[in-house]
Amino acid sequence: MDTGQIVIVSATLIVVIIVIFSIVASRWVKVGPNQVLIVSGRRRIVRGPDGRPTSVGFRLVRGGGTFVIPVLEMAEVMSLELMTLEVRTPEVYTVMGVPVQVDGIAQIKVRNDDVSISTAGEQFLSMGAAQIRQIALQTVEGHLRAILGMLTVEEIYRERDKFAQRVQDVAATDLANMGLQIVSFTIRDIRDTQGYLDALGKPRIAQVKRDATIGEAEANRDAIIRSAQANQEGQQAKYAADTQIAEADRDYKIKLAEYTAAVNQKKAEADLAYDLQKYQTQQLVTAEQVKVQVVEKENLIQVQEKEIQRREKELTATIERPADAERYRIQQLADAEQYRLRTTAQGQADAIRATGVAEADANKARGLAEAEVIRQQGLATAEAMVKKAAAWREYNEAAIAQMFIDRMPEIAAAIAAPLAKTEKIVVVSTGDGASAGASKVTGDVTAIIAQLPPVVEALTGLKLEELVQKIPGMASKTPPPAPEA
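Residue numbers for the sequence shown, in the numbering used here: 2 to 486.
Below, the structure written as structure tokens:
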């Protein structure tokens, strides 16, 4: 068998299994605990109540499920729930000929035993719940009317429970023959249209009212008598109580005075003892406070000493040790850099030594030529310096003063240069003459230039006034110095 045939056979088996499962699932019927499933179509042998085997053509399933064989079996559901019957009778004549109407409530259901379910199934399986309720209602109403005709109105009215139990007992037999049972039956109302029930209650009502009136009168009489006696007894009790109260008040005041005197005496003694104890305690407290202050100051000194030690350790940890570490690090870096430079220099020296031997001869020749040139340049420079020195010897102080005078315009321009960079000058005139207006600015520049001779004298020791007098042609123009005072 090849692979294709195996696949076909497997698919066929799967389809067959699915079909069988679908058929089983579709024919599996379930009912709840309030229902019974009656499956009919196949006969089977069961034992009846008397123990004899009997052949029946159905089976019962309560609160579960079963498989219903297709074609051969049929399944129907019957409810086991309660059904409420509202029993209302028209006017029914009692045994005394009085017409009455009775309303009641009955609760019925199908019995749980197999025999009752089979009986109910035979009679009500094709009927709905409304039809079953109607049949049971007619049965209960019929028995209710029959029982009403055998009782008096007094029996019905006074013994409702017995009446309802009697109806239930009588109707139970007929309902059991239909597979049903009465769970409960109660009488809601009994009434008549002739006023019999009202008349039946009037004598009792009148008797009750009479007894109530008599009882009220007797109670009022007894109350008045008891009230008078109570008032008399109350007056006597009041007098006795007032006497006892007066005596008790007298004794109370006497005892109170005695207690007050004793309390005052004890209070005075206690006050004196309290003051004495207060002063003694205050002395002790003061001494203890002094001790506490001494201890606090000693503790404060210890705390300050600890703080000083802590600050010393903190300075050592935060400044000295980091400084030592930084110094050591810098020293190590310097040693490393020195070693690197020394090694590099040594390497470069070796390299230069290696390469310099070859270049030494060429440099020697080139150096000799350059040295000759430098010698010639030096001789020329020396000769120029000799001549310059001779010129400076001839260039006396008067010439230096002349040079300074020639430079005066440049000095004035340098002093006034900041003014040229000023975008705007606001001059506030505070008077007349040379110190007012724009002349104030030029006067300031002149004053600054006039301060130069003392500055030059302080820096160089040269007196410009004496140098100017030594300039040829300027001695006669210079005024003689003022005589000393």
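No residue lacks a Cβ here, since even glycine has one placed at the ideal position from N, Cα and C.
Tell me whether the region 83 to 95 and the region 132 to 148 touch, counting them as touching only if at least three CB pairs, one residue from each stretch, are closer than 8 Å.
In short, these stretches touch, since the Cβ pair count reaches three.
Taking 9 Å as the threshold (C-beta atoms), are Val-154 and Val-101 in contact?
Contact: yes.
If we count the other Cβ atoms within 10 Å of its Cβ and call it buried at 16 or more, is Ala-26 buried or exposed?
It counts as exposed.
Where DSSP assigns a beta bridge to Ala-76, which residues make up the other side?
Paired residues: Val-40.
So, are the CB atoms of Pro-54 and Arg-60 less than 9 Å apart?
In this structure, Arg-60 does not lie closer than 9 Å to Pro-54 by Cβ.
Can you tell me which of the three DSSP states Met-84 falls into?
Three-state DSSP puts Met-84 in a strand.
Pull up the distance between the alpha-carbon of Val-69 and that of Ala-12, whole angstroms please.
Computed Cα separation, rounded: 28 Å.
Taking 8 Å as the limit between beta carbons, can you name the residues of its chain near Gln-108, skipping five residues before and five after?
Result list for Gln-108: Leu-83, Met-84, Thr-85, Leu-86, Ile-183, Val-184, Ser-185 and Phe-186, in chain order.
Look at the alpha carbon of Asp-51 and the alpha carbon of Gly-129, and state the distance between them as a whole number of angstroms.
About 32 Å.
With 16 other CB atoms within 10 Å as the buried threshold, where does Met-79 fall?
The residue is buried, with at least 16 neighbouring Cβ atoms inside 10 Å.
Could you spell out where the beta strand (DSSP E) holding Gln-195 opens and where it closes?
Careful: Gln-195 lies outside any beta strand (DSSP E) and carries neither H nor E.
My assumption, with CB atoms under 8 Å, is that Arg-112 sits in contact with Leu-181. Please give the rounded CB distance.
That belief holds up - the Cβ atoms of Arg-112 and Leu-181 are roughly 7 Å apart, short of 8 Å.
Return helix, strand or coil for Val-374, following the three-state DSSP convention.
Looking at Val-374 - three-state DSSP - the assignment turns out to be helix.
Using 10 angstroms around the beta-carbon of Val-264, count the other beta-carbons present and answer buried if the total reaches 16, otherwise exposed.
The residue is exposed, with fewer than 16 neighbouring Cβ atoms inside 10 Å.
Between Ile-118 and Glu-77, is the Cβ-Cβ spacing less than 9 Å?
Cβ distance not < 9 Å, so Ile-118 and Glu-77 don't count as in contact.
Alpha carbon to alpha carbon, what distance is there between Val-103 and Val-178?
Looking at the sequence itself, residue 178 is Asn, so the reference to Val does not match. Going from the Cα of Asn-178 to the Cα of Val-103 covers about 26 Å.
Can you look up Leu-126 in the DSSP assignment and give me helix, strand or coil?
Three-state result, Leu-126: coil.
What is the DSSP secondary structure of Ile-136, counted as helix, strand or coil?
The answer is helix: DSSP assigns Ile-136 an H, G or I state.
Let me check one thing: in DSSP terms, what residues is Gly-66 bridge-paired to?
Looking at the DSSP assignment, Gly-66 forms a beta bridge with Lys-31.
So Arg-45 and Val-32 are supposed to be a Cβ contact under 8 Å. How far apart are they, rounded?
So it is not a contact: roughly 19 Å between Cβ atoms.
So, is Ile-157 buried or exposed, given that buried needs 16 or more other C-beta atoms within 10 angstroms?
Classification for Ile-157: buried.
For Phe-59, which beta-bridge partners are listed by DSSP?
DSSP, once it has assigned bridges, lists Ser-41 as partnering Phe-59.
Per DSSP, Gln-182 is paired with what?
Its beta-bridge partners are Lys-110.
Helix or strand or just coil, what does DSSP make of Asp-104?
DSSP places Asp-104 in strand when its eight states are reduced to three.
Judging by CA-CA distance, which residue of Arg-167, Thr-140 and Ala-173 is the nearest neighbour of Leu-152?
The candidate whose alpha carbon is nearest that of Leu-152 is Arg-167.
If Arg-192 and Gly-105 are in contact, beta carbons under 8 Å, what's the gap, nearest whole angstrom?
13 Å between Cβ atoms; not a contact.
Which partner residues does Arg-48 have in the DSSP bridge list?
Arg-48 pairs with Pro-54.
Could you tell me the boundaries of the alpha helix (DSSP H) in which Glu-156 lies?
That run of the alpha helix (DSSP H) goes 154 to 159.
Quick one: using the 10 Å Cβ neighbour count with 16 as the cut-off for buried, is Pro-484 buried or exposed?
Its pLDDT being 42, under 50, Pro-484 is placed unreliably in this model, and the coordinates cannot settle the point.
Give the secondary structure of Val-93 by DSSP, where H, G and I count as helix, E and B as strand, and everything else as coil.
Note: Val-93 maps to strand in three-state DSSP.
For Thr-174, tell me which candidate among Thr-140, Gln-347, Glu-373 and Phe-164 has the shortest Cα-Cα distance.
For the residues Thr-140, Gln-347, Glu-373 and Phe-164, the minimum Cα distance to Thr-174 belongs to Thr-140.
Go through its chain and collect everything with a Cβ distance to Tyr-240's Cβ below 6 Å, but skip five positions before and after it.
Cβ neighbours of Tyr-240 beyond the five flanking positions: none.
Output needed for Ala-165: all residues of its chain with C-beta closer than 8 Å, excluding positions within five of it in sequence on either side, in chain order.
Closer than 8 Å at the Cβ level, and outside the excluded window around Ala-165, lie Gly-105, Phe-186, Thr-187 and Ile-188.
Below 9 Å between beta carbons: does that hold for Val-30 and Thr-4?
No; because the gap between Cβ atoms is not below 9 Å, this pair is not in contact.
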